[in-house]
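Trainee: Please find one structure pasted underneath; my questions will follow.
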Amino acid sequence: MKDPMFLDFLNKDINILLETWKGGSEDFKIEGYNIISKVRKKTKKAKRHSGGIIVMIKKQFYKGITYLKDATSSQNRLWLKLDKYFFGLKQDLYLCAVYIPPFSSAHYDSDLENLENEISSFSIEGQIILIGDFNSRTAMKADYIENDSDEINNFDGIDLLPESYITDIDIRRVNQDSTLNTLGNKLLELCSSSRLRILNGRFLGDSLGYFTYMCNTGFSTVDYAIASESLLPEVKYFKTNDFTYLSDHVQINLYMNCSIISDTCMKKCLDEKRWHLIKSYKWTELSSSKLIDVLSTENVKKEILDLEMEHFDSNKLGVDGATEKLTKILQTIAENTCKVISKPTKKKKKKIKQVWDLGLKEATSLDCRPDLEHIKKTFRMSSVIAIVGGLGCLLLLIVVWPTTMIASGVLNNTEFNIWVTVGQVWAYLAALFIIVVPLITEGIDIAKTYNENTKVHSEISVDKRRSTMNIKTVSVKTSKSKGKYKERSTR
């Protein structure tokens, strides 16, 4: 359990272990996974347990999977149901972890025949995936009806097969194991009758049909992943790993496309702010007659019949699925019979910040380029007005006021009250420091602020351009170093 290679192999979303020889012990635990297991009963003469199946499921996916405990009485198979709503599939997916004992083994009990019966019952409700050790050597024999066509099935102008019959498609399969044994023939017949297809030797990752088992007599292919033919477009790729010291079987990996909706996304979809998107309907005088017509249409009849025939599990996912289907039916009927009332949405008015409420740095960062030059001119004019006003007041106090006093003879009058003169001097100094100096200082500060902020803004723009170029360079190097050739946008 502490082997690093073994733990690295178990980093998949769903892991299936076969022939575990596990008894009733509960010691097998791995952090982040939920465990489902099946134990083969130990015979009285046996010294140890044999067989055994363990399925490890990541906790975030466990709530979308149901263990079908009563699906089979065999100790060599374990059935799981993957919910179509949780995984974003077209149909429910029935996954079976399979171990078929050798045909000559005492543990073999018509396993393939019983498996076919189980597949027949589940294929009505969804799609099938089988994965495990089948002890079946299939060579390159077809797992479908070869040269199947509508013309052959139409004999003497009479259709011998039902209208629902779908002809098999020739899909080439490669297999390095050229041997065909008894169980191999039985497995191929099962695939042909159940419209299942072997994935080995057909997909990227195992396009050459590599061996999966090694023993002292040689190599063979006995481990398979088998899926419904309708599920093949959803298979991303199938991979056969290399042999290791961990087992005489290789690990096989199946990767499928799905669209899992997280709890966060579900909460966003049902956010209170989005309830205004739900339509309202008003019953009118013509609605009763329209309702009769709509309920008589084939589409609505089919939807109602499908809802009645479909089986929903007695859990949260089942209730959600039934609710969704019923809501769609009611919405279809309402849209064709009632008047749709759209709810008015209140738009919040955006507060527009005035230029004088902003600093220069914040103002220049706004995405309002047409007004940017006007803002700059405003700051320049403010500084000029402050400085010119201060200098004007200074000129008034130094030149105009004394000249006026001399012209009026006040300063030449020896009888002029000295206390009045002292008061006027104090008024002169007060005006100088209260009016002139602050105006000049304010003008200089505005000019400095404008220059500094303009410089900072230009430096930020340059830095942004440089950082963007660096990101592009790193992305390209990283992509090439990993062998991935993907275009990445850095806009």
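When the letters of the sequence shown are read in order and numbered with our numbering, they come out as residues 1080 to 1570.
Just so it is clear, CB atoms sit at the ideal spot from N, CA and C, and this is done for glycine as well.
Within the continuous beta strand (DSSP E) that includes residue 1206, where are the two ends?
Mentor: Start and end: 1205-1212.
Trainee: DSSP three-state call for residue 1279: helix, strand or coil?
Mentor: It is coil, neither helix nor strand.
Trainee: Does the region 1176-1192 come close enough to the region 1218-1225 to have 3 or more Cβ pairs within less than 8 angstroms?
Mentor: No, they do not touch.
Trainee: Can you list, in chain order, the residues of its chain with a C-beta nearer than 6 angstroms to that of residue 1446? Leave out the 5 residues immediately preceding and following it.
Mentor: Confidence at residue 1446 is low in this model, with a pLDDT of 47, below 50, so the placement of that residue should be treated as unreliable; the coordinate-derived value is given next. Nothing meets the Cβ criterion.
Trainee: Excluding the 5 residues preceding and the 5 following residue 1269 in the sequence, name in chain order all residues of the same chain whose CB lies nearer than 8 angstroms to its CB.
Mentor: Closer than 8 angstroms at the Cβ level, and outside the excluded window around residue 1269, lie 1191, 1194, 1195, 1198 and 1275.
Trainee: Please report how far the alpha carbon of residue 1145 lies from the alpha carbon of residue 1159, in whole angstroms.
Mentor: Computed Cα separation, rounded: 6 angstroms.
Trainee: Just to confirm the assignment, what range does the beta strand (DSSP E) spanning residue 1160 have?
Mentor: Here the beta strand (DSSP E) through residue 1160 covers 1156-1161.
Trainee: For residue 1217 versus residue 1277, is the C-beta distance shorter than 8 angstroms?
Mentor: It is a contact, given that the beta carbons lie within the stated cut-off.
Trainee: Grab me the residues of residue 1370's own chain with a C-beta within less than 6 angstroms of its C-beta, minus the 5 sequence neighbours each way, in chain order.
Mentor: Once the five neighbours on either side are set aside, the close Cβ partners of residue 1370 are 1416.
Trainee: Are there 16 or more other CB atoms within 10 angstroms of the CB of residue 1135, so buried, or fewer, so exposed?
Mentor: Answer is buried; the Cβ neighbour count reaches 16.
Trainee: Could you say which of 1382, 1372, 1338 and 1407 lies nearest to residue 1143 if we only look at CA atoms?
Mentor: It is 1338.
Trainee: Less than 8 angstroms between the beta carbons of residue 1205 and residue 1154, yes or no?
Mentor: No; because the gap between Cβ atoms is not below 8 angstroms, this pair is not in contact.
Trainee: Hey, could you find the ends of the alpha helix (DSSP H) residue 1270 is sitting in?
Mentor: 1261-1273 is the extent of the alpha helix (DSSP H) around residue 1270.
Trainee: Thinking residue 1308 and residue 1178 are a contact (beta carbons under 8 angstroms), I'd like their distance in whole angstroms, please.
Mentor: At roughly 24 angstroms, the Cβ-Cβ gap does not stay under 8 angstroms, so residue 1308 and residue 1178 are not in contact.
Trainee: Between which two residues does the alpha helix (DSSP H) harbouring residue 1406 extend?
Mentor: Element bounds for residue 1406: 1395-1416.
Trainee: Which residues in the same chain as residue 1404 place their Cβ atom closer than 7 angstroms to its Cβ, once the five residues preceding and following it in sequence are excluded?
Mentor: Once the five neighbours on either side are set aside, the close Cβ partners of residue 1404 are 1386.
Trainee: Assuming residue 1210 contacts residue 1333 under a Cβ cut-off of 8 angstroms, what Cβ separation, rounded to an integer in Å, is found between them?
Mentor: Correct: roughly 6 angstroms between the Cβ atoms.
Trainee: For residue 1309, which three-state DSSP category applies?
Mentor: Reduced to three states, the DSSP call for residue 1309 is helix.
Trainee: For residue 1094, which of helix, strand or coil comes out of DSSP?
Mentor: Reduced to three states, the DSSP call for residue 1094 is strand.
Trainee: Which class does residue 1113 belong to by DSSP, given the choice of helix, strand or coil?
Mentor: In the structure shown, residue 1113 sits in a strand (DSSP, three-state: E or B).
Trainee: In the DSSP assignment, find the unbroken alpha helix (DSSP H) run with residue 1292 in it and report its ends.
Mentor: Per DSSP, residue 1292 belongs to no alpha helix (DSSP H); it is in the beta strand (DSSP E), 1292-1294.
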